[in-house]
Amino acid sequence: MMEMQFDIKRINLLKKILLRLRNEESPESVQVNIEHFFKDVSAVDILLIEQEFINGDYGITMEDVMKLSRIYPHLYSDALNGADISETHHPSHPVQIFKEENTTFQFHLHHINLLFKAFEKNP
(Lines of atoms letter the chains of each structure in order from A and count residues from 1; the text may use other names and numbers.)
(Lines give C-alpha, C1' and ligand atoms only; values in the text may rest on other atoms or scores of the structure.)
Protein backbone atom coordinates (compact mmCIF):
# COMPACT_ATOMS: atom_id res chain seq x y z
CA MET A 1 0.00 0.00 0.00
CA MET A 2 2.99 2.26 0.44
CA GLU A 3 3.29 2.83 -3.32
CA MET A 4 -0.47 3.26 -3.84
CA GLN A 5 -0.72 5.59 -0.86
CA PHE A 6 0.92 8.35 -2.87
CA ASP A 7 -0.53 7.49 -6.27
CA ILE A 8 -3.54 9.77 -6.08
CA LYS A 9 -4.08 9.45 -9.82
CA ARG A 10 -4.77 5.71 -9.59
CA ILE A 11 -6.84 6.11 -6.45
CA ASN A 12 -9.02 8.64 -8.27
CA LEU A 13 -9.19 6.33 -11.30
CA LEU A 14 -10.50 3.50 -9.14
CA LYS A 15 -13.04 5.84 -7.58
CA LYS A 16 -14.21 6.92 -11.04
CA ILE A 17 -14.46 3.28 -12.12
CA LEU A 18 -16.61 2.47 -9.10
CA LEU A 19 -18.83 5.45 -9.83
CA ARG A 20 -19.16 4.37 -13.46
CA LEU A 21 -20.36 0.98 -12.25
CA ARG A 22 -22.86 2.70 -9.98
CA ASN A 23 -24.21 4.51 -13.04
CA GLU A 24 -24.74 1.17 -14.79
CA GLU A 25 -21.92 1.49 -17.30
CA SER A 26 -21.09 -1.70 -19.16
CA PRO A 27 -19.00 -4.10 -17.06
CA GLU A 28 -16.90 -4.93 -20.12
CA SER A 29 -15.69 -1.35 -20.59
CA VAL A 30 -14.98 -1.02 -16.88
CA GLN A 31 -13.05 -4.30 -16.82
CA VAL A 32 -10.89 -3.13 -19.73
CA ASN A 33 -9.97 0.01 -17.76
CA ILE A 34 -9.20 -1.96 -14.62
CA GLU A 35 -6.92 -4.33 -16.48
CA HIS A 36 -5.20 -1.43 -18.25
CA PHE A 37 -4.66 0.93 -15.32
CA PHE A 38 -4.23 -1.58 -12.51
CA LYS A 39 -2.36 -4.46 -14.14
CA ASP A 40 0.79 -3.78 -12.11
CA VAL A 41 -1.02 -3.05 -8.83
CA SER A 42 -1.36 -5.87 -6.34
CA ALA A 43 -4.83 -7.08 -5.47
CA VAL A 44 -4.11 -6.39 -1.82
CA ASP A 45 -3.43 -2.73 -2.63
CA ILE A 46 -6.71 -2.46 -4.52
CA LEU A 47 -8.55 -4.10 -1.64
CA LEU A 48 -6.96 -1.67 0.82
CA ILE A 49 -8.03 1.28 -1.32
CA GLU A 50 -11.57 -0.09 -1.48
CA GLN A 51 -11.58 -0.49 2.29
CA GLU A 52 -10.49 3.14 2.64
CA PHE A 53 -13.26 4.19 0.25
CA ILE A 54 -15.86 2.37 2.32
CA ASN A 55 -14.60 3.70 5.66
CA GLY A 56 -13.82 7.22 4.46
CA ASP A 57 -15.84 10.08 3.12
CA TYR A 58 -15.37 9.35 -0.60
CA GLY A 59 -18.95 8.79 -1.68
CA ILE A 60 -18.25 5.10 -2.37
CA THR A 61 -20.57 2.53 -0.83
CA MET A 62 -20.22 -1.16 -0.11
CA GLU A 63 -22.64 -1.77 -2.99
CA ASP A 64 -20.23 0.01 -5.36
CA VAL A 65 -17.40 -2.25 -4.24
CA MET A 66 -19.61 -5.34 -4.58
CA LYS A 67 -20.38 -4.42 -8.20
CA LEU A 68 -16.65 -4.36 -8.86
CA SER A 69 -16.24 -7.77 -7.25
CA ARG A 70 -18.90 -9.21 -9.57
CA ILE A 71 -17.12 -8.11 -12.74
CA TYR A 72 -13.60 -8.66 -11.45
CA PRO A 73 -13.90 -11.67 -9.08
CA HIS A 74 -10.35 -12.95 -9.56
CA LEU A 75 -9.11 -9.79 -7.85
CA TYR A 76 -10.25 -11.18 -4.52
CA SER A 77 -9.22 -14.76 -5.11
CA ASP A 78 -5.73 -13.63 -6.20
CA ALA A 79 -5.34 -11.66 -2.99
CA LEU A 80 -6.46 -14.58 -0.86
CA ASN A 81 -4.36 -17.13 -2.71
CA GLY A 82 -1.23 -15.13 -2.00
CA ALA A 83 -1.98 -14.71 1.69
CA ASP A 84 -0.12 -16.68 4.33
CA ILE A 85 -2.76 -18.51 6.35
CA SER A 86 -0.57 -21.09 8.07
CA GLU A 87 -1.36 -19.61 11.49
CA THR A 88 -5.09 -20.25 11.10
CA HIS A 89 -4.77 -23.93 12.02
CA HIS A 90 -4.13 -23.20 15.68
CA PRO A 91 -7.17 -24.34 17.76
CA SER A 92 -7.64 -20.93 19.39
CA HIS A 93 -7.45 -18.99 16.11
CA PRO A 94 -10.72 -17.15 15.30
CA VAL A 95 -11.11 -19.14 12.06
CA GLN A 96 -11.01 -22.42 13.98
CA ILE A 97 -13.41 -21.09 16.60
CA PHE A 98 -15.75 -19.96 13.81
CA LYS A 99 -15.60 -23.42 12.21
CA GLU A 100 -16.32 -25.09 15.54
CA GLU A 101 -19.25 -22.76 16.20
CA ASN A 102 -20.67 -23.51 12.74
CA THR A 103 -20.35 -27.25 13.29
CA THR A 104 -22.15 -26.98 16.64
CA PHE A 105 -24.82 -24.76 15.11
CA GLN A 106 -25.39 -27.25 12.27
CA PHE A 107 -25.67 -30.10 14.79
CA HIS A 108 -28.33 -28.25 16.78
CA LEU A 109 -30.26 -27.25 13.66
CA HIS A 110 -30.26 -30.87 12.53
CA HIS A 111 -31.52 -31.95 15.97
CA ILE A 112 -34.29 -29.32 15.89
CA ASN A 113 -35.25 -30.46 12.39
CA LEU A 114 -35.57 -34.06 13.65
CA LEU A 115 -37.76 -32.89 16.53
CA PHE A 116 -40.04 -31.02 14.10
CA LYS A 117 -40.36 -34.10 11.91
CA ALA A 118 -41.18 -36.24 14.93
CA PHE A 119 -43.76 -33.71 16.06
CA GLU A 120 -45.35 -33.64 12.59
CA LYS A 121 -45.72 -37.42 12.63
CA ASN A 122 -47.14 -37.58 16.15
CA PRO A 123 -48.57 -34.25 17.36
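Here the sequence shown is numbered in this note's numbering, starting from 236 and rising by one per residue.
Glycine is no exception: its CB is placed at the ideal position from the N, C-alpha and C atoms.
Beta-carbon proximity check, residue i vs residue j, cutoff 9 angstroms
| i | j | result |
| --- | --- | --- |
| Leu256 | Asp299 | yes |
| Arg245 | Phe273 | yes |
| Leu249 | Glu285 | yes |
Assumed close pair residue i, residue j - CB separation to whole angstroms, cut-off 8 angstroms
| i | j | result |
| --- | --- | --- |
| Val265 | Ile295 | Between Ile295 and Val265 the Cβ distance is about 14 angstroms, and since that is not below 8 angstroms, they are no contact. |
| Ile252 | Asn268 | 6 angstroms |
Under the three-state DSSP convention, the category residue i falls into
| i | result |
| --- | --- |
| His346 | helix |
| Asn247 | helix |
| His324 | helix |
| Thr296 | coil |
| Asn357 | coil |
| Ala314 | With a pLDDT of 47 at Ala314, under the threshold of 50, the modelled position of this residue cannot be trusted; read the value that follows with caution. Here Ala314 sits in helix by DSSP. |
| Asp242 | coil |
inquiry  = Restricting to runs no shorter than 3 residues, where is the beta strand (DSSP E) found entirely within the stretch 250 to 293?
reply    = none
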